[in-house]
Amino acid sequence: MTNLALTNELFFDHTGMDAARVEQIVGAALAGMDDGELFLEYSQSESVALDDGRIKSASFDTTQGFGLRAVSGEAAGYAHASELSEAALRRAAAAVRAVAAGHEGTFADPPPGTNRALYTEQNPLGLVDLAAKTRLLAEIDAYARSRDPRVRQVMASLSGVWQAVQIVRPDGRRAADIRPLVRLNVAIVVGEGDRMETGSHGAGGRVTYEYYLDPAHWKAQVDEALRQALVNLGSVPAPAGEMTVVLGPGWPGVMLHEAVGHGLEGDFNRKQTSTFSGMIGQQVAARGVTVVDDGTLPDRRGSLTIDDEGTPSAYNVLIEDGILKGYMQDRLNARLMGVAPTGNGRRESFAHAPMPRMTNTYMLNGSHDPQEIIASVKKGLYAVNFGGGSVDITSGKFVFSASEAYLIEDGKVGPAVKGATLIGNGPDAMTKVTMIGNDLKLDDGVGTCGKDGQGVPVGVGQPTLRMDGITVGGTAGPG
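Residue numbering for the sequence shown follows our numbering, starting at 566 and increasing by one per position.
Next up, the structure:
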């Protein structure tokens, strides 16, 4: 069954709505507008969590609804409801037309679909029963405790989402997608004497649960969480000051996502609130730095066959060899900026209007061997994993805490340090990249990006990077 046929069954056959009448209501509501669409959604989600040998929580939720948007100039009217009925849609249509103000617009045609199958259509929630999921979590707990006597507490969770969406445009054209998403998380607390430390790791993607029921895959997550916890158990206070920082491959790309990626989203640049505004064609990063946003990677957490406006996802080059090439766009901002949408119009659910958002954002490979990069550093910090972080879009200033980091001394990785924080300015930091590794790695599939109160799944990645003159906050004083 095709995505369109399956979503027709969900949104029309099961609800009693007539597809032709719905198209008429949408067409009348959006007549004379510059843009708009009806977004239909049905989703199932579940989560099972274990803590200290016991199932702590188990949940299952089903949601459905629609969001109707009308766009006139820069103004947008948005109405949503969890009731899938023609009566509710008519009420929403009357509400969103309030933005018209006599404006007469013309619609840009949506780009054609690609018919790419980036991920399975199977519903992961129905393929594995609750008993098998709870057994898996119990096995994770037992395995982690058997690995080291210092394990004091094990927390693990398994979650899944199956989302069906259909976008109806005012001319009756429709696009649909079926999106599975699963995630396994493991956190381990270890203790020695009166010192306690934590390590965590997780993985996920647009796949089914079977992948994570394989012991080879779930044991890898446990082993990595335990390794991080034991590393932290032996860590010393981090130094502070300006120094050379080497970022490891993969998840440290979250710094790129926050410090640079958000500043390249179309809405911030149309409003001239991003530090990257008006800089297309200019040097914004060191030579060799190429950053892309790619929603077309198979099975990845941030991938989308179509975005939430019906635009096919794409491989978008944002920065090429240090030169800013373009921004990530939804339909509204692309129209107002006179460019094409890039497949980055995303929303958390039917209750939210779309906006420009990242998918999988990463830096491409350079030419240096990672060991060569580390060997080039006389004294510095090697940051392998990050925890929390924040960025101010207007100024570009960021703060990131390293959850796993080491000192580099005379070209060799030294002791682990705790409490290291990277502080800087995103565009400025990109000019301080002096060596780029050849070991590009994507994260393991756990990223969730927040913007304006909306969270969406994303991916990040990068090769090993050397950055000079980065400010490091620590607890041990100047290094």
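Here a beta-carbon is modelled for each residue, glycine too, at the ideal position from N, C-alpha and C.
Taking C-alpha positions only, LEU654 is separated from ARG734 by approximately 14 angstroms. When DSSP states are grouped into helix, strand and coil, GLY991 belongs to the helix group. With a cutoff of 8 angstroms on beta-carbon distance, VAL1037 and MET820 are scored as not near each other. Cβ-Cβ separation between ILE884 and VAL854: approximately 6 angstroms, consistent with a contact (criterion under 8 angstroms). Going by DSSP, LEU1030 is part of the beta strand (DSSP E) stretching over 1030 to 1038. By the Cβ test, the region 871 to 883 is not in contact with the region 945 to 953, since fewer than three Cβ pairs between them sit closer than 8 angstroms. Within the same chain, and ignoring the five residues on either side of ALA994 in sequence, the residues whose Cβ sits closer than 7 angstroms to its Cβ are ALA824, MET1032 and ILE1035. C-alpha of ALA1041 to C-alpha of GLY806: approximately 10 angstroms in a straight line. Secondary structure of PHE963 (DSSP, three-state): strand. Cβ contact annotation for VAL772 (same chain, cutoff 8 angstroms, sequence separation greater than five): TYR684, THR685, PRO689, PRO745, VAL747 and ASP864, in chain order. In the three-state reduction of the DSSP assignment, SER711 falls in the helix class. Around the beta carbon of THR870, 16 or more other beta carbons sit within 10 angstroms, so the residue counts as buried. Contact check for VAL811 against TYR927 fails: the beta carbons are separated by 8 angstroms or more. DSSP places TYR776 within a helical segment (H, G or I) once states are collapsed to three. Inter-residue distance for CYS1014 and PRO780 is about 29 angstroms (C-alpha atoms, whole angstroms).
In this structure, the alpha-carbon of ALA741 lies about 33 angstroms from that of GLN837. Judged by their CB atoms, THR907 and ALA940 are not nearer to each other than the 8 angstroms cut-off. Of all C-beta pairs linking the region 658 to 665 to the region 630 to 642, three or more are shorter than 8 angstroms, placing the two stretches in contact. Following the DSSP letters along the chain, one finds GLU606 inside the beta strand (DSSP E) bounded by residues 600 to 616. Unbroken alpha helix (DSSP H) stretches of 4 residues or longer found wholly inside the region 729 to 762: none.
Apart from the 5 residues on each side of it in sequence, LEU615 sits with its Cβ closer than 8 angstroms to the Cβ of LYS621, THR699, LEU702, ALA703, ILE705, ASP706, VAL719, MET720, ALA721 and SER722 in its chain, given in chain order. When secondary structure is reduced to three states using DSSP, PRO689 falls in the helix class.
By the Cβ neighbour-count rule, ARG681 is exposed, with fewer than 16 other Cβ atoms within 10 Å of its own. Shown here for LEU575: same chain residues with a beta carbon closer than 6 angstroms to its own, the five before and five after excluded, namely TYR607 and ALA729 in chain order. By the 16-neighbour rule on beta-carbons within 10 angstroms, ARG634 is buried. By the Cβ rule, the region 750 to 764 counts as touching the region 787 to 799, because three or more pairs are nearer than 8 angstroms.
Collapsing the DSSP output to three states places ASN834 in a helix.
Counting the other CB atoms within 10 Å of its CB gives ALA918 a total of 16 or more, which places it among the buried residues. Counting C-beta pairs closer than 8 angstroms gives fewer than three between the region 954 to 966 and the region 929 to 939, which falls short of the contact rule.
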